[in-house]
Every structure is written in C-alpha cells, then in structure tokens.
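**Student:** Residue numbers (the numbering used here): 59 to 364.
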Amino acid sequence: MSTVPPVGPALRRLTALAAAQAAAWQPRIGHAVRTHVAPLRALGSPRHTTLPGSRQRAEHDHALVSAGSVAALLAGVLLAATPGTASAQTVRPTTPGSSAFTVPQAQVPSAGLVQVAGPSPYKLPDDGDSAQQFVAVAANLLPLGPPAPQPEPEPAAGPAPEPEPGPAPAPGWSAPVPNAPTSNPYGKADRGYAAGYHTGVDFAVSPGTPLLAVGDATVVSAGWDGAYGKEVVLRLADGHFAQYAHMSSLAVPAGRRVSAGERIGLSGSTGNSTGPHLHFEIRTSNRYGAVVDPIAYLAGHGVTDF
C-alpha cells in the first residue's frame with residue numbers, strides 16, 4: 059500500500075529548484091531580452107496598421123518569432139526542473155530489486171567501476187553464500203577427467219550340477235496284469251450275461267499269475283462272490299471301483315490301504331469260469347452293471363502296457 063508524501067515540503071523543494079535553475083539561466087535570458095527588446099516593442103503596435111511589405115510589418119513579424127523562442131526556452135527550463143514530468147519520470151520495476159535503468163542517478167563509486175544493479179532482496183536457499191551449487195551444468199561442459207573405473211564383470215556361472223539319480227517314484231497307475239493279452243473285450247453282446255453284454259475285460263493268464271492294484275486304493279471287499287468266485291474290490295482315489303474275479307488266492311484283507319502296482323492276489327479259474335483268466339471291471343459304484351470300459355479308463359491315466 060503506497061503513501062502520498064506531504065505537499066508542503068515537496069512544494070518548497072520545487073521552489074528552490076526553480077530558483078536555482080532561473081539563476082543559472084539568467085545571463086542567457088538577459089542577453090535574449092536585450093537582443094530582442096526592440097522587436098518586442100514592435101509588438102505593441104497593431105499588425106493591421108502596417109502595410110504589407112513595409113519595414114514596420116517586417117519588424118512586427120520578427121518580434122513574434124523572437125518572443126516564441128524565448129517562451130519555448132523558459133518552458134523547457136521549468137519542465138526540466140519540475141520532478142514528475144515526462145523528462146524526469148522514473149519507471150518503477152514490476153519485480154523486487156533495482157536496475158541500472160530505474161535507480162536515481164548517483165556518482166560512480168570509482169573510476170572504471172560501473173554499478174549495474176543495486177543489492178537484490180532475494181536470498182539463496184538455506185542461507186547459502188554461493189549460488190554455484192544451484193547452477194546446472196550441461197554434460198558436454200563438464201571438465202574432462204579420467205574415466206571412472208568400470209566394475210569387472212563377474213565370471214559367468216557354470217551349468218548347475220545335475221541332481222544325482224534317486225529311486226524311481228512309484229507309479230501312480232498300473233495295469234492289473236502288465237502286458238497280458240485279452241481274450242474277451244468289454245461290451246461284447248452275449249445273452250448268457252444278466253446285463254446282456256460283457257461288463258468287463260478278460261485277460262488270458264495262467265493260474266497263479268500275480269494281480270496288481272491299478273491305483274492307490276482301499277480294499278472294499280476280499281472273499282467269495284458267487285459266479286465271480288474269489289474276488290477283490292478296490293475303491294480307487296478318484297471314487298471308481300476296480301473288481302478282480304476268478305482269483306485263486308487273495309493277498310489283502312478288506313479295509314487295507316494299497317498302492318498302485320502292489321500285489322493283491324493270484325489269478326485262477328474259480329466261480330463261473332470256463333478256464334484260467336482274470337475278469338476285470340471298472341465300476342462307477344459298487345454294484346453290478348455300473349461299469350465303464352476298463353481299457354479306456356486306464357489309458358486315460360497313462361497306462362498302456364496291456
């Protein structure tokens with residue numbers, strides 16, 4: 059918010075400055091008055107009383123020009139001596155600080171030294187004494203120096219040692235009699251069966267051939283079952299049931315847990331059988347007729363050796 063200075067002191071300073079300027083110009087003004095006093099007197103006579111081309115008309119016109127020159131000279135003196143006029147006006151800066159073009163005139167501090175700006179009100183960050191740390195220098199202007207040492211590359215790691223071979227994992231699934239030929243396929247129509255078709259697959263094997271669990275399972279039953287003779291029924295991990303029939307001997311009791319490939323008994327020709335073989339079924343539930351193709355089921359689990 060700006061304040062207006064008192065009028066009294068400013069007017070006194072203006073009067074004193076005008077008096078000083080008038081004193082400096084007094085000799086020139088007196089000379090001009092003496093030089094043009096005669097023409098000025100001619101101004102007293104009316105211009106219309108003189109005839110064109112006469113001496114009186116010429117003296118009258120010369121007096122007008124001289125008076126105009128004197129008036130312009132006096133006006134210039136007063137204008138230069140009056141602060142706030144166009145010739146003495148100072149343009150104020152729009153930002154804090156000062157400039158060589160806006161500060162009042164002052165004596166040069168010393169020869170050869172020119173002050174181009176006054177002290178700035180700006181301060182460096184963190185009260186620093188030098189602004190060098192705040193100057194960004196382009197990379198191509200940085201001083202050249204020895205190249206920074208590059209870290210030596212680490213030697214490439216050799217191939218990881220292969221793990222030592224351990225015992226082969228137990229198979230997840232197995233054929234009931236690996237590599238045994240089949241003598242009667244699943245699904246063959248036959249009126250001699252209650253279902254009207256063969257509900258399992260027959261593997262042609264000699265009596266006493268070891269029979270294996272086809273997967274991890276629990277023994278549901280192990281014993282005699284009428285036309286099936288001696289049989290074992292396993293409940294597999296996925297909920298299906300595996301049935302082994304016409305066996306000669308049993309190696310597992312009901313309720314026992316068995317693993318894939320574990321022996322559960324020996325083949326034979328007990329029950330309704332015309333010769334030694336293994337009748338093998340895969341059931342969706344533990345009842346007659348709820349069957350699926352045993353070969354396709356085992357093949358779906360990766361078993362191919364039959």
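We treat Cβ as the ideally placed atom computed from N, Cα and C, and that holds for glycine. Because the structure is a prediction, the values reported are computed rather than measured.
Using DSSP with H/G/I as helix, E/B as strand and the rest coil, what is Pro334?
**Tutor:** It is coil, neither helix nor strand.
**Student:** Of the residues Val350, Ile340, Ala77 and Asp351, which one's Cα is nearest the Cα of Val272?
**Tutor:** The option with the nearest alpha carbon to Val272 is Ile340.
**Student:** Considering Cα atoms alone, identify which of Thr257, Ala238, Pro239 and Thr240 is closest to Ala247.
**Tutor:** Nearest option by C-alpha distance: Thr257.
**Student:** Give me, in chain order, the residues of the same chain whose beta-carbon lies closer than 7 Å to that of Pro213; leave out the 5 immediate sequence neighbours on both sides.
**Tutor:** Hits under 7 Å: none found.
**Student:** Under a Cβ-count criterion, where at least 16 other Cβ atoms within 10 Å of its own Cβ denotes burial, should Trp231 be classed as buried or exposed?
**Tutor:** It counts as buried.
**Student:** Does Arg70 come out as helix, strand or coil in the three-state DSSP assignment?
**Tutor:** Reduced to three states, the DSSP call for Arg70 is helix.
**Student:** What residue range is occupied by the uninterrupted alpha helix (DSSP H) comprising Pro352?
**Tutor:** Segment Pro352 to Gly358, the alpha helix (DSSP H) holding Pro352.
**Student:** Can you tell me whether DSSP reads Tyr302 as helix, strand or coil?
**Tutor:** Of the three classes helix, strand and coil, the one that applies to Tyr302 here is strand, per DSSP.
**Student:** With 16 other CB atoms within 10 Å as the buried threshold, where does Thr73 fall?
**Tutor:** By the 10 Å Cβ count, Thr73 comes out exposed.
**Student:** Can Ile322 and Leu269 be called in contact, C-beta distance under 7 Å?
**Tutor:** The answer is yes: Cβ separation under 7 Å.
**Student:** Rounded to whole angstroms, what's the CA-CA distance from Asp260 to Gln301? Just pull it up for me.
**Tutor:** Rounded to the nearest angstrom, the two C-alpha atoms are 12 Å apart.
**Student:** What residues in its chain sit with their C-beta under 6 Å from that of Asp351, if we drop five residues either side in the sequence?
**Tutor:** Same-chain partners within the cutoff: Tyr244.
**Student:** In the DSSP output, which residue or residues are listed as bridge partners for Phe261?
**Tutor:** Answer is Thr240 and Leu336, bridged to Phe261.
**Student:** Taking only the alpha-carbon atoms, compute the straight-line gap between Lys288 and Leu336 and give it to the nearest angstrom.
**Tutor:** Those two C-alpha atoms are separated by around 11 Å.
**Student:** Arg315 to Thr267, Cα distance in whole Å?
**Tutor:** Cα-Cα distance, rounded: 22 Å.
**Student:** Since Ser325 is in the beta strand (DSSP E), which residue starts that stretch and which ends it?
**Tutor:** Here the beta strand (DSSP E) through Ser325 covers Arg321 to Ser325.
**Student:** Sorted by chain position, which residues of the same chain lie with C-beta nearer than 7 Å to Asp363's C-beta, five sequence neighbours on each side aside?
**Tutor:** Cβ neighbours of Asp363 beyond the five flanking positions: Ala233, Pro236 and Asn237.
**Student:** How about Ala303 and Ala280: are their beta carbons less than 7 Å apart?
**Tutor:** No, they are not a contact pair.
**Student:** Please report the straight-line C-alpha distance between Ala318 and Val349, rounded to a whole angstrom.
**Tutor:** Cα to Cα, the separation comes out at about 21 Å.
**Student:** If we count the other Cβ atoms within 10 Å of its Cβ and call it buried at 16 or more, is Gly224 buried or exposed?
**Tutor:** For Gly224, the predicted model reports a pLDDT of 46, less than 50, meaning its position is unreliable and no value from the coordinates is stated.
**Student:** Between the Cα of Ala253 and the Cα atoms of Glu210, Gly284, Gly347 and Ser307, which residue gives the shortest distance?
**Tutor:** The residue with the shortest Cα to Cα distance from Ala253 is Gly347.
**Student:** Let me check one thing: in DSSP terms, what residues is Arg315 bridge-paired to?
**Tutor:** In DSSP, Arg315 forms a bridge with Thr276.
**Student:** In the structure shown, what three-state DSSP assignment does Tyr346 receive?
**Tutor:** Coil.
**Student:** Which residues in the same chain as Val277 place their Cβ atom closer than 7 Å to its Cβ, once the five residues preceding and following it in sequence are excluded?
**Tutor:** Val290, Leu292, Val310, Pro311, Ala312, Gly313, Arg314 and Val316, listed in sequence order.
**Student:** For Thr328, count the other beta carbons within 10 Å of its own beta carbon; 16 or more makes it buried, fewer makes it exposed. Which is it?
**Tutor:** With 16 or more other Cβ atoms within 10 Å, it is buried.
**Student:** Which word fits Ser343, buried or exposed, when buried means at least 16 other C-beta atoms lie within 10 angstroms of its C-beta?
**Tutor:** So Ser343 counts as exposed.
**Student:** Rounded to whole angstroms, what's the CA-CA distance from Leu294 to Leu356? Just pull it up for me.
**Tutor:** If I take the Cα positions, the gap works out to 12 Å.
**Student:** As a quick exercise: from Arg345, His298 and Pro265, pick the residue whose alpha carbon is nearest that of Leu308.
**Tutor:** Considering only alpha carbons, the answer is Pro265.
**Student:** Can you grab the Cα-Cα spacing for the pair Met305 / Gly333, in whole Å?
**Tutor:** Answer to the nearest angstrom: the Cα atoms are 11 Å apart.
**Student:** Please classify Gly284: is it buried, with 16 or more other beta-carbons within 10 angstroms of its beta-carbon, or exposed?
**Tutor:** When all chains shown are included, Gly284 counts as exposed.
**Student:** Can you tell me whether DSSP reads Tyr251 as helix, strand or coil?
**Tutor:** Coil at Tyr251, not helix or strand.
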